[in-house]
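These notes concern the structure reproduced below.
Residue numbers (my numbering): 488 to 700.
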């Protein structure tokens, strides 16, 4: 009888403890919300990333469309931009290498070093540095885009002055942008730019893609 009593007490004790243990387990699984800096720093450590940006620029009722394909394999960066205005489409290819920027010249059909060239978009490392150093940056809230949780921020780009306000939807999982909307007011001209970021891949890119020879 004593042995049966001991077993019964032991089982009762274990059964009573299970809810408490379960509660501790659930509490341990509580996820602390990430800070904006933590989210952005995920993009700062990306060495390899490929993606597309589709941009629509509305200037006083006229629409200009640009599609840009970006390849980043640090320290290299390649951008292929196709810009459409009316019925005219122009293409520009730029490669950033440690020794400078190279622009593809259609006349000689080769890449030429061009110190005056300007990259339409920065690397993810430079983008994060610009955002974290921007004193105008504020967090607007959170939103899902195509099923991806994002943090929405607003700021004035440092190189554009206070005439431009930009909202950016940052993908929480990777720290990269999924959407951007910019509003620029310059005297009587109002420009609205909407950019959609898509087709992200994070696989290694062969160095041959950044060759300028």
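We treat Cβ as the ideally placed atom computed from N, Cα and C, and that holds for glycine.
Compute the minimum distance between the beta carbon of residue i and the heavy atoms of the ligand ADP, and state whether it is under 8 Å.
i           : result
residue 599 : Here there are no bound small molecules, and the ligand ADP is not part of this structure.
Can you look up residue i in the DSSP assignment and give me helix, strand or coil?
i           : result
residue 702 : No information on residue 702 is available, as it lies outside the stretch 488 to 700 that the chain covers here.
residue 514 : Only weak support exists for where residue 514 lies, its pLDDT of 44 falling under 50; the coordinates are left without a value.
Confirm, please, whether the CB-CB distance from residue j to residue i is below 9 Å.
i           : j           : result
residue 583 : residue 563 : yes
residue 697 : residue 536 : no
residue 637 : residue 666 : yes
residue 543 : residue 680 : yes
residue 587 : residue 606 : no
residue 619 : residue 524 : yes
residue 598 : residue 700 : yes
residue 642 : residue 539 : no
residue 567 : residue 555 : yes
residue 659 : residue 521 : yes
residue 652 : residue 670 : yes
residue 545 : residue 662 : no
residue 640 : residue 657 : yes
residue 615 : residue 531 : yes
According to DSSP, what are the bridge partners of residue i?
i           : result
residue 698 : Residue 698 is not bridged to any residue.
residue 661 : Looking at the DSSP assignment, residue 661 forms no beta bridge with any residue, so it has no partner.
residue 645 : Paired residue(s): none; residue 645 is not in a bridge.
residue 684 : 540
Closest to residue i by C-alpha separation, out of the options, would be which residue?
i           : options            : result
residue 654 : 692, 682, 544, 600 : 682
residue 529 : 611, 675, 640, 541 : 611
residue 695 : 534, 560, 547      : 560
residue 678 : 547, 532, 531      : 547
residue 673 : 557, 626, 650      : 650
residue 691 : 541, 553, 558      : 558
residue 553 : 573, 565, 534      : 573
residue 604 : 687, 664, 570, 589 : 589
residue 541 : 575, 569, 531      : 569
residue 644 : 630, 635, 608      : 608
residue 565 : 551, 617, 585, 571 : 585
residue 635 : 668, 593, 664      : 664
residue 533 : 613, 571, 581      : 613
residue 581 : 571, 575, 593      : 593
Return the chain-ordered ranges of every alpha helix (DSSP H) run that is complete within the segment 574-642 and spans a minimum of 4 residues. 611-619
Which ranges would you report for the beta strand (DSSP E) in the segment 532-577 if only whole runs of at least 3 residues count? With a minimum length of 3 residues, the continuous beta strand (DSSP E) runs that stay inside the segment 532-577 are 535-546, 549-560, 563-572.
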